[in-house]
Structures are given as C-alpha cells and as structure tokens.
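Its first residue numbered 362, the sequence shown is counted upward by one per residue in this note's numbering. Every residue gets a Cβ at the ideal spot worked out from N, C-alpha and C, and that includes glycine. This one's a predicted model, so the numbers in the text were calculated from it and none came from an experiment.
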Amino acid sequence: MQLRVAVLGGGSWGTTIGSMVSRNTPTVLWARDPKTVAEINEHRTNRKYLGDARLSPRLTATADLGEAVREADVIVMGVPSQTFRATALEVGRHIRPWVPVISLAKGLESGTQQRMTEIITEILPGHPPGLLTGPNLAREILSGAAAASVLAMDDDTIVRRLKELFRSGLFRVYTNTDVVGCELGGVLKNVVAIAAGMGDGLGAGDNTRAAVITRGLAEMTRLGVALGGRPETFAGLAGMGDLVATCTSVHSRNRFVGEQLGKGLSLDEIVKKMHMVAEGVKSVPAVIALADAHHVAMPIAREVYRVVHEGGTPRQAFRGLIRIQSGDESEPG
C-alpha cells in the first residue's frame with residue numbers, strides 16, 4: 362500500500378520535497394497563499410521561490426491544512442522554525458494516530474531553545490518525530506543535480522521504511538538514528554555560514570573561509586556532543602556536508618546575509634531583499650543560550666550574535682576572533 366504524504370509549507374524546500382516525493386507516492390502540498398496553490402496546480406511552478414523550475418505533475422496543492430493532513434500517513438513539516446509550533450498545534454486538530462512527522466526546518470525556537478523534533482514530541486505525542494537534513498540546495502535538487510541527504514529518526518525500522526519516500530533520481534537518502542546530532546548540525550551550520558559570508562563580504566579570501574568552516578565545525582561538534590549528539594555525525598552529511606554547502610554556495614541564504622553585512626548593509630536592509638528566511642539570524646540567540654547553559658566555548662557563534670543582535674560590525678568580529686589565543690587544535694579558539 363502506498364503511503365499518502367502531506368508536505369506543509371510552500372517555500373523553496375517544501376515545494377521541492379513535495380515535488381520529489383509525489384513521484385513515489387500520492388502527495389499533497391499545503392501552502393498558506395492561495396495564489397501559490399493555484400500556480401502549482403495550474404502551471405506546475407512556484408516562481409516566487411523556484412523561478413521557472415517545473416514541478417511534478419503528480420503534486421497537488423491546497424490552502425486547506427485540514428484537507429492536507431486528514432488522510433496523510435506521513436506529515437512533512439516545511440515551515441520556518443518560528444512558526445513551527447503554531448503549525449504543529451493546528452496539525453494536531455486533524456492528524457490521525459501514530460502518523461510520523463518529519464521536520465525540514467533548520468532552526469531553534471526562540472525563547473525555549475527547542476529543536477523541532479522536541480516540539481513535535483511535545484505538541485504531537487505518540488507521533489514518531491524525525492527530520493530530513495543535509496547539503497540540500499533546493500534549486501539544484503529540483504533541476505536533477507546529484508545530492509545526498511540524511512533522514513534521522515530514533516526508530517531504525519521506521520526510518521528505513523520512510524527513506525524510500527524521499528529517494529528520487531540522483532537524490533540519495535541515508536539514514537541515521539542520531540536525531541540530536543543531525544538536527545543540531547542543520548541549525549549550527551547556518552550560524553557559521555553567516556560568519557563565512559561576513560568574511561566574503563569583507564574580501565577576506567579563501568584561506569579565511571576555510572578557517573571559519575573548520576573552526577566552525579569544531580564549535581558545532583562541541584555543542585552537539587554536549588547536548589547528546591554523536592561526534593561522528595558532525596563529520597557526515599548533516600554536519601560537514603551541510604556546512605560546506607551553506608558556507609560556499611551563492612544560493613545560501615545565511616551566507617548571503619553574512620556577505621551583505623560584510624559589505625556594510627544593515628540587517629533590516631538585507632531582510633527587505635529576501636523572500637525567504639535565513640534561519641541562522643533567528644537561531645543564534647538560542648545557540649548562545651545553549652552554549653552558556655552547557656559551558657561550551659563558541660567564539661565564532663558569539664561574534665555572529667554580536668553583529669546580528671548587538672550592533673557589532675563584521676570587521677570587529679574578525680578582529681575579536683584573531684585576538685583569541687590559539688592553542689592545541691582540539692581546544693576552543
């Protein structure tokens with residue numbers, strides 16, 4: 362029996378996943394904007410987020426969340442982290458028992474510092490939570506370029522069954538039972554990508570970018586392990602893979618924010634240019650709160666926080682990082 366899938370969220374990644382999954386099984390995409398729904402159903406495009414890229418003819422869209430959720434065997438949540446809880450509460454009014462809920466969001470909830478799978482467990486108890494993460498830039502994947510991702514869930518049997526829903530063409534899906542590590546990898550790489558982008562905006566060069574990526578990965582791993590993740594997860598697709606893609610791609614929203622900050626624009630000016638959310642901006646206060654609570658040194662993340670939320674400048678941030686005493690490579694700094 363084919364599993365029926367509801368993908369919630371009409372942004373670039375939600376639409377891309379909906380299009381791919383619909384090739385494997387009946388899929389409904391929920392979007393808030395009726396114009397987006399009509400465009401997908403009538404023209405097979407979502408130009409606001411994906412340009413002229415063609416979507417699968419098997420994908421159907423609706424603006425009625427209840428209609429999307431009621432008959433679904435699997436829910437895929439492609440909404441931003443700061444609206445995730447509200448959407449999950451609405452899903453709870455319609456979802457059938459024991460339906461798995463998979464998150465696509467790569468952020469932490471402001472205030473609670475909760476991961477999205479923690480919100481799923483709190484709001485939708487009894488529904489197996491998971492996430493799809495990795496170096497996944499939507500437009501490249503929709504165009505058919507080779508890519509790989511990780512589907513992470515606690516239950517090895519369920520995750521192996523569900524991974525077949527997401528496999529498509531040259532899009533390879535691996536499994537992982539380290540939900541904490543995979544989820545934090547997706548969150549923390551966005552913060553490091555802002556730092557890498559700031560270096561690009563300042564004209565710092567390739568050596569600087571490589572140093573930020575490498576030391577950023579060390580920070581990610583320290584916090585991830587402190588919160589219960591496995592260190593090897595951060596050397597894989599959910600950690601290093603996603604970090605490299607996000608820190609180097611011209612399509613990366615978080616790197617773009619950092620680059621524009623490096624060029625002297627204010628955050629408000631940058632946000633006005635963007636249709637999509639840069640999760641790193643919203644998540645960095647929660648990241649710093651978690652680092653402080655667990656006594657984990659994260660100098661790169663802290664400098665990003667100062668620039669984004671305390672009025673610091675990218676040049677000051679890099680000067681601050683340079684002033685940190687360097688020691689053994691296994692140590693912070």
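Look at the alpha carbon of Pro-496 and the alpha carbon of Ala-606, and state the distance between them as a whole number of angstroms.
As a first step, residue 496 must be located in the sequence shown, where it is residue number 135. As a first step, residue 606 must be located in the sequence shown, where it is residue number 245. Pro-496 and Ala-606 have their C-alpha atoms spaced approximately 6 Å apart.
Check whether the region 525-539 touches the region 383-393, counting contact only when three or more Cβ pairs, one atom from each stretch, lie closer than 8 Å.
Three or more Cβ pairs closer than 8 Å define a contact, and the region 525-539 meets that threshold against the region 383-393.
Excluding sequence positions up to five away, which residues of its chain have a Cβ less than 7 Å from the Cβ of Gly-547?
For the purposes of this step, residue 547 is taken as residue 186 along the sequence shown, with counting starting at 1. Listed in chain order, the non-local C-beta contacts of Gly-547 below 7 Å within the same chain comprise Lys-467, Thr-494, Ala-599, Asp-603, local neighbours out to five positions each way being set aside.
If you drop the 5 nearest sequence neighbours on each side, which residues of the same chain put their C-beta closer than 8 Å to that of Ile-481?
Taking the sequence shown and counting its residues from 1, the one referred to as residue 481 is at position 120. Met-438, Ala-449, Val-462, Ser-464, His-488, Pro-490.
How is the alpha helix (DSSP H) around Ser-380 delimited, first residue to last?
One-based indexing of the sequence shown puts residue 380 at position 19. Annotation: the continuous alpha helix (DSSP H) that includes Ser-380 extends over 373-383.
Per the DSSP calculation, Phe-532 is bridged to which residue(s)?
Position 171 of the sequence shown, counted from the start, is the residue given in the question as residue 532. Phe-532 is bridged to Ala-508, Ser-529.
In three-state DSSP terms, what is Met-581?
The residue labelled residue 581 in the question sits at position 220 within the sequence shown. Annotated three-state conformation of Met-581 is helix, per DSSP.
CB of Asp-517 within 8 Å of CB of Val-540, strictly:
Walking along the sequence shown from the start, residue 517 turns up at place 156. Walking along the sequence shown from the start, residue 540 turns up at place 179. Taking C-beta atoms as the reference points, Asp-517 and Val-540 fail to come closer than 8 Å.
Ends of the alpha helix (DSSP H) at Ile-463?
Taking the sequence shown and counting its residues from 1, the one referred to as residue 463 is at position 102. Here Ile-463 belongs to no alpha helix (DSSP H); instead the beta strand (DSSP E) covers 462-464.
As assigned by DSSP and simplified to three states, the class of Glu-635:
Locating residue 635 in the sequence shown gives position 274, counting from the first residue. A small correction: the amino acid at residue 635 is Met; Glu does not occupy that position in the sequence shown. Here Met-635 carries a coil assignment [DSSP, helix/strand/coil].
In this structure, does DSSP put Thr-478 in helix, strand or coil?
One-based indexing of the sequence shown puts residue 478 at position 117. Reduced to three states, the DSSP call for Thr-478 is helix.
So, helix, strand or coil for Leu-523, using DSSP?
For this step, residue 523 is matched to residue 162 along the sequence shown. DSSP places Leu-523 in helix when its eight states are reduced to three.
Can the beta-carbon of Ser-417 be found less than 8 Å from the beta-carbon of Lys-643?
Mapped onto the sequence shown, residue 417 falls at position 56. Mapped onto the sequence shown, residue 643 falls at position 282. Against a cut-off of 8 Å, the Cβ pair of Lys-643 and Ser-417 comes out as no contact.
Where Val-573 falls: helix, strand or coil (DSSP)
Translated into the one-based positions of the sequence shown, residue 573 becomes position 212. Correct three-state label for Val-573: helix.
Could you compute how far the alpha carbon of Gly-370 sits from the alpha carbon of Arg-684?
Here residue 370 corresponds to residue number 9 of the sequence shown, with the count starting at 1. Here residue 684 corresponds to residue number 323 of the sequence shown, with the count starting at 1. Taken atom to atom, the span from the alpha-carbon of Gly-370 to that of Arg-684 is near 43 Å.
To the nearest angstrom, report how far apart Asn-537 and Glu-479 are at their CA atoms.
As a first step, residue 537 must be located in the sequence shown, where it is residue number 176. As a first step, residue 479 must be located in the sequence shown, where it is residue number 118. Across the structure, Asn-537 and Glu-479 are spaced so that their CA atoms are roughly 17 Å apart.
Among Glu-620, Arg-419, Glu-451, Ala-678, which residue has its Cα nearest to the Cα of Asp-425?
As a working note, residue 425 is residue 64 in the sequence shown. The shortest Cα separation from Asp-425 among Glu-620, Arg-419, Glu-451, Ala-678 belongs to Glu-451.
Does any heavy atom of the ligand ADP sit closer than 7 Å to the C-beta of Gly-564?
With respect to small molecules bound, the structure shown includes none, and the ligand ADP cannot be examined in it.
Pick from Arg-476, Leu-503, Leu-485: whose alpha carbon is nearest that of Phe-532?
The count along the sequence shown starts at 1 and reaches residue 532 at position 171. Closest by alpha carbon: Leu-503.
Measuring alpha carbon to alpha carbon, tell me which of Glu-544, Ala-579, Gly-623 ends up nearest Gly-589.
Counted from its first residue, the sequence shown places residue 589 at position 228. Among Glu-544, Ala-579, Gly-623, the Cα nearest to that of Gly-589 is on Glu-544.
Val-573 beta carbon less than 8 Å from that of Gly-560:
For the purposes of this step, residue 560 is identified with residue 199 of the sequence shown, where counting begins at 1. For the purposes of this step, residue 573 is identified with residue 212 of the sequence shown, where counting begins at 1. Their beta carbons are under 8 Å apart, which means Gly-560 touches Val-573 by this criterion.
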